[in-house]
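Enquirer:
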Amino acid sequence: MRFDREPPWSLIPLSSEGLLKIGIVYNHHQMYSYQFGIPVLDEQLGGLVSGANVLILAPPLSGAERIAYNLSFPAKGEYCVLLSADERAAEVAHYFKLNGTERRALAIIDAITKSDAPNVPDTDRMKFIASPVDLTGISIKMSKVFSAIVDESLKNPTPAVFPPPIRFCINSLSTFLMYRKLEVMYQFLHVISAKLKKNEWIGFYVLNNESFDARTISVIKQLMNCVVEVREGEKSFELRVIGLGGRMTPWLPYTFDPNGRLVVEG
Amino acid sequence: MIYIGIDALDGLLEGGVPDGSQVLFAIEPEADGQHFMITMLHTAVVAGKKILVVAPFTRKDAYLVEVAAQSRYHLDCYKDLIWYIDMTEVETITESHPDPEGRKQVWIDRIQNLVNQEKIEVIFVYLDLLSDQFGFNDAVSIFQTKQFDHPVTVIFEYFNLFGTDMLDTLTDETPFNLVVTLHAGSSVVSFFNFFSIHTVSWLSLPARSLPYVATEGHIIPYIPKIVVTGPPDTGKSTFVRNVSEAGMSVDRLGLLGTPTTVALDIGHMASKGFDINIYGTPGQERFDPIIPQLARNAMGIILMVDVTRPDLMSRARQLKGIVEGNTVVPIIVVANKADLTYSVTEELIRSELQIRTDTPVFFISAIERKQCRDVINSMVDHITKFSF
Numbered sequence: 001m002r003f004d005r006e007p008p009w010s011l012i013p014l015s016s017e018g019l020l021k022i023g024i025v026y027n028h029h030q031m032y033s034y035q036f037g038i039p040v041l042d043e044q045l046g047g048l049v050s051g052a053n054v055l056i057l058a059p060p061l062s063g064a065e066r067i068a069y070n071l072s073f074p075a076k077g078e079y080c081v082l083l084s085a086d087e088r089a090a091e092v093a094h095y096f097k098l099n100g101t102e103r104r105a106l107a108i109i110d111a112i113t114k115s116d117a118p119n120v121p122d123t124d125r126m127k128f129i130a131s132p133v134d135l136t137g138i139s140i141k142m143s144k145v146f147s148a149i150v151d152e153s154l155k156n157p158t159p160a161v162f163p164p165p166i167r168f169c170i171n172s173l174s175t176f177l178m179y180r181k182l183e184v185m186y187q188f189l190h191v192i193s194a195k196l197k198k199n200e201w202i203g204f205y206v207l208n209n210e211s212f213d214a215r216t217i218s219v220i221k222q223l224m225n226c227v228v229e230v231r232e233g234e235k236s237f238e239l240r241v242i243g244l245g246g247r248m249t250p251w252l253p254y255t256f257d258p259n260g261r262l263v264v265e266g
Numbered sequence: 001m002i003y004i005g006i007d008a009l010d011g012l013l014e015g016g017v018p019d020g021s022q023v024l025f026a027i028e029p030e031a032d033g034q035h036f037m038i039t040m041l042h043t044a045v046v047a048g049k050k051i052l053v054v055a056p057f058t059r060k061d062a063y064l065v066e067v068a069a070q071s072r073y074h075l076d077c078y079k080d081l082i083w084y085i086d087m088t089e090v091e092t093i094t095e096s097h098p099d100p101e102g103r104k105q106v107w108i109d110r111i112q113n114l115v116n117q118e119k120i121e122v123i124f125v126y127l128d129l130l131s132d133q134f135g136f137n138d139a140v141s142i143f144q145t146k147q148f149d150h151p152v153t154v155i156f157e158y159f160n161l162f163g164t165d166m167l168d169t170l171t172d173e174t175p176f177n178l179v180v181t182l183h184a185g186s187s188v189v190s191f192f193n194f195f196s197i198h199t200v201s202w203l204s205l206p207a208r209s210l211p212y213v214a215t216e217g218h219i220i221p222y223i224p225k226i227v228v229t230g231p232p233d234t235g236k237s238t239f240v241r242n243v244s245e246a247g248m249s250v251d252r253l254g255l256l257g258t259p260t261t262v263a264l265d266i267g268h269m270a271s272k273g274f275d276i277n278i279y280g281t282p283g284q285e286r287f288d289p290i291i292p293q294l295a296r297n298a299m300g301i302i303l304m305v306d307v308t309r310p311d312l313m314s315r316a317r318q319l320k321g322i323v324e325g326n327t328v329v330p331i332i333v334v335a336n337k338a339d340l341t342y343s344v345t346e347e348l349i350r351s352e353l354q355i356r357t358d359t360p361v362f363f364i365s366a367i368e369r370k371q372c373r374d375v376i377n378s379m380v381d382h383i384t385k386f387s388f
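Protein chains in written order, with the numbering used here: chain S, 1 to 266; chain E, 1 to 388.
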């Protein structure tokens, strides 16, 4: 079966005959493109290519994790998988909910709650890891979460994209780098980014730029193809986006609204 | 001998792991492999062994909850048998000894004293953090068995992010008695797991990868496909039905008044700790085009011949060719209907079918369940243990 014109992604039905069509679409499709979800950035950069790895390099107190969450908010039909070593799953889920994310669209792997509350049980969309040291556990549970989302998308009766677009976010690399060796984390991220690239997903990674030496930052940067830099401006913090084919935005001041949504002036 | 507690794996290793061995489970990304060590831990503690668990990635209570949730093993019932070195103690050691050399000596003394004092027999070590701190080889050397005054078996789990080549280098420098690697096969998501026995020092096993499922924390290795083929009316469906715990045939009434298979027979059974699916092909020539599909990715082939029908040997040879295709898989020849008067000899079968000298030929009657199961048991050995 051939299409005369390549159909837009979102029109491919994944219902009864869907499985057959997936095979066809999967081989011939055009790339899915992600939006920043921040009007100024989307206007200037036109969104993100799938498979992109975005590093958010920010000083402390700049709200870097909020920026990462804002970029990870799933658009309609997308999912977000968040690996958190800094903030409890319940808090993260609350923040996403406040900003309109549906419950099914968010999965969290939480590496801190379990050390204080060992009895906390895993659910479909929230998995708990003993500590950020346990990369084996993280790898297995991430794989389970991805499987669950992909399985669910196959059962979805409404038209959908396959594989389902996922925004993956780590909050934050700084914590993982305090526990594990740089070489190990580099390799771990390398494995993750290969997976994201293969499935046309995107990743956002928060890194504190004041806690690590230049070498650590440059090693981590090797895995990235876009960096959101944050600095302290005269009146407020400012960000700029570098990468994506050599383009760069000017420094843009930003604030957060009462719900924590990122507002970038420009 | 320490049992792993996974029948198929213990069977492959001829009973389990000898006392005093060093064992490594190397888990690759996404592989659901933590149950291997946990199963072994549970098996050891149930057998009454004294155990030390070194788990620097977690606190003891969180570890117990996680094991209970993932594997349904309640290790907190065995308080008198299990000692723990968990994250709390590891952090204390790390903070009080910033210099790695000094810290390593603290570790060696701590392990040696604890093991010798409490007469610990098996140590289970989650190696990753120690490997970060001291390097892989030095981390393993903290647990070297010669420092203990009695035989101690040490089991390591290691998250191998660096691939098989790196593992080869590491295990060249630090030999283990047994290395089992755990992998995930993945496309969009990881969809199946398999294990390989990388090294085993006490017997010779060929390199094999075998798939497994981890359900409710139990590891069940499986053989996804064994194909039974042969000329029409040789008893393939009877064989599949008799080895199966559950199965079905798609058949129609044939010219001889007996049912003849028109699509396939499917059977499911367990043997030697493996879950096995058996597929029987039709024997008639008009179905030849579908046989390569049925036989695709088979791990073993059972070729059935009728010992009362020497005239069908050339058809059997033809089917053997179709099923084998270009792949190399173990074959067993089953000479069926040996309970009747027959003229076909093993020499004739071997020469007509052009099979290798190490290919077994079993004379059986497919209506005898036990004989059928013996064939499958032998097939499992050929798939898992013998070179082919």
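Cβ coordinates follow ideal geometry from the N, Cα and C atoms, glycine included.
Is I242 of chain S helix, strand or coil when you go by DSSP?
Expert: In this structure, I242 of chain S counts as strand in the three-state DSSP scheme.
Enquirer: For the candidate residues E:F363, E:I51 and E:E91, whose alpha-carbon lies nearest to that of Y78 of chain E?
Expert: Ranking the options by Cα distance to Y78 of chain E, first place goes to E:I51.
Enquirer: Keeping to the same chain, check which residues put their C-beta closer than 6 Å to that of H28 of chain S; ignore five residues upstream and five downstream.
Expert: Because H28 of chain S sits at a pLDDT of 40, beneath the cut-off of 50, its placement in the model cannot be relied upon, and the following sentence gives the value as read from the coordinates. Taken in chain order, the list of residues that qualify is empty.
Enquirer: What does the alpha-carbon distance come out to for the pair A111 of chain S and D61 of chain E?
Expert: Answer to the nearest angstrom: the Cα atoms are 15 Å apart.
Enquirer: Would you tell me roughly how many angstroms separate the C-alpha atoms of A270 of chain E and N277 of chain E, rounded to the nearest one?
Expert: The alpha-carbon atoms of A270 of chain E and N277 of chain E are separated by roughly 9 Å.
Enquirer: Indicate the three-state DSSP secondary structure (helix, strand or coil) for T158 of chain S in the structure shown.
Expert: In the structure shown, T158 of chain S sits in coil (DSSP, three-state: anything other than H, G, I, E or B).
Enquirer: For a minimum of 3 consecutive residues, which ranges assigned as the beta strand (DSSP E) are wholly contained in the stretch 208-284 of chain E?
Expert: Qualifying beta strand (DSSP E) stretches, in chain order: 209-215, 218-229, 246-253, 259-271 and 274-280.
Enquirer: Apart from the five residues just before and just after F143 of chain E, which ones in its own chain have a Cβ nearer than 7 Å to its Cβ?
Expert: I111, I123, V125 and V154.
Enquirer: Roughly how many whole angstroms lie between the Cα atoms of T58 of chain E and A130 of chain S?
Expert: In a straight line, the C-alpha of T58 of chain E is about 5 Å away from that of A130 of chain S.
Enquirer: Take the Cβ of G11 of chain E as the centre, count every other Cβ of all protein chains shown within 10 Å, and call the residue buried at 16 or more, exposed below.
Expert: That one is buried.
Enquirer: Check for me: the alpha helix (DSSP H) holding D67 of chain S runs from which residue to which?
Expert: For the record, residue 67 of chain S in the displayed sequence is Ile; it is not Asp. First-last of the alpha helix (DSSP H) with I67 of chain S: A64 to S72.
Enquirer: Taking only three categories from DSSP, how would you classify A55 of chain E?
Expert: Reduced to three states, the DSSP call for A55 of chain E is strand.
Enquirer: Answer yes if the stretch 129-146 of chain E comes into contact with the stretch 103-118 of chain E, meaning at least three C-beta pairs across the two stretches below 8 Å, and no otherwise.
Expert: Short answer: they touch.
Enquirer: Rounded to a whole number of angstroms, what is the C-alpha to C-alpha distance between F195 of chain E and P211 of chain E?
Expert: Distance between the alpha carbons of F195 of chain E and P211 of chain E is about 6 Å.
Enquirer: Are I332 of chain E and L303 of chain E closer than 9 Å when you measure CB to CB?
Expert: Contact flag set, yes.
Enquirer: When you compare only the Cα positions, how much space is there between M1 of chain E and K144 of chain S?
Expert: Going from the Cα of M1 of chain E to the Cα of K144 of chain S covers about 35 Å.
Enquirer: Note down the Cα distance separating F192 of chain E from I140 of chain S, rounded to an integer number of angstroms.
Expert: If you take the alpha carbons of F192 of chain E and I140 of chain S, they lie about 12 Å apart.
Enquirer: Quick one: which chain S residues come within Cβ less than 9 Å of Y63 of chain E?
Expert: Under the 9 Å cutoff, chain S gives P118 and A130.
Enquirer: Taking the Cβ atom as the reference point for each residue, do G203 of chain S and N53 of chain S lie within a distance shorter than 9 Å?
Expert: Result yes, Cβ atoms of G203 of chain S and N53 of chain S sit closer than 9 Å.
Enquirer: At 8 Å on the CB atoms, spell out the chain E contacts of F176 of chain S, in chain order.
Expert: Those do not exist, as F176 of chain S stays about 12 Å from chain E at its closest Cβ, beyond 8 Å.
Enquirer: Could you tell me whether the Cβ of D134 of chain S comes closer than 9 Å to any Cβ of chain E?
Expert: So yes, D134 of chain S belongs to the interface.
Enquirer: Can you tell me where the beta strand (DSSP E) holding H198 of chain E begins and where it ends?
Expert: Taken as a continuous stretch (DSSP letters only), the beta strand (DSSP E) holding H198 of chain E covers S190 to V200.
Enquirer: Would you decide whether M224 of chain S is buried or exposed? Buried here means 16 or more other CB atoms lie within 10 Å of its CB.
Expert: With 16 or more Cβ atoms within 10 Å of its Cβ, M224 of chain S is classed as buried.
Enquirer: Kindly indicate if chain S contains any beta-carbon less than 9 Å away from that of T169 of chain E.
Expert: Cβ-Cβ to chain S under 9 Å: no for T169 of chain E.
Enquirer: Label T215 of chain E either buried or exposed according to how many other C-beta atoms from any shown protein chain fall within 10 Å of its C-beta, with 16 as the threshold for buried.
Expert: When all chains shown are included, T215 of chain E counts as exposed.
Enquirer: Could you give the first and the last residue of the continuous beta strand (DSSP E) run that contains F134 of chain E?
Expert: Element bounds for F134 of chain E: not the beta strand (DSSP E) but the alpha helix (DSSP H), D128 to F134.
Enquirer: Does S96 of chain E come within less than 9 Å of chain S when only Cβ atoms are used?
Expert: No, no contact with chain S.
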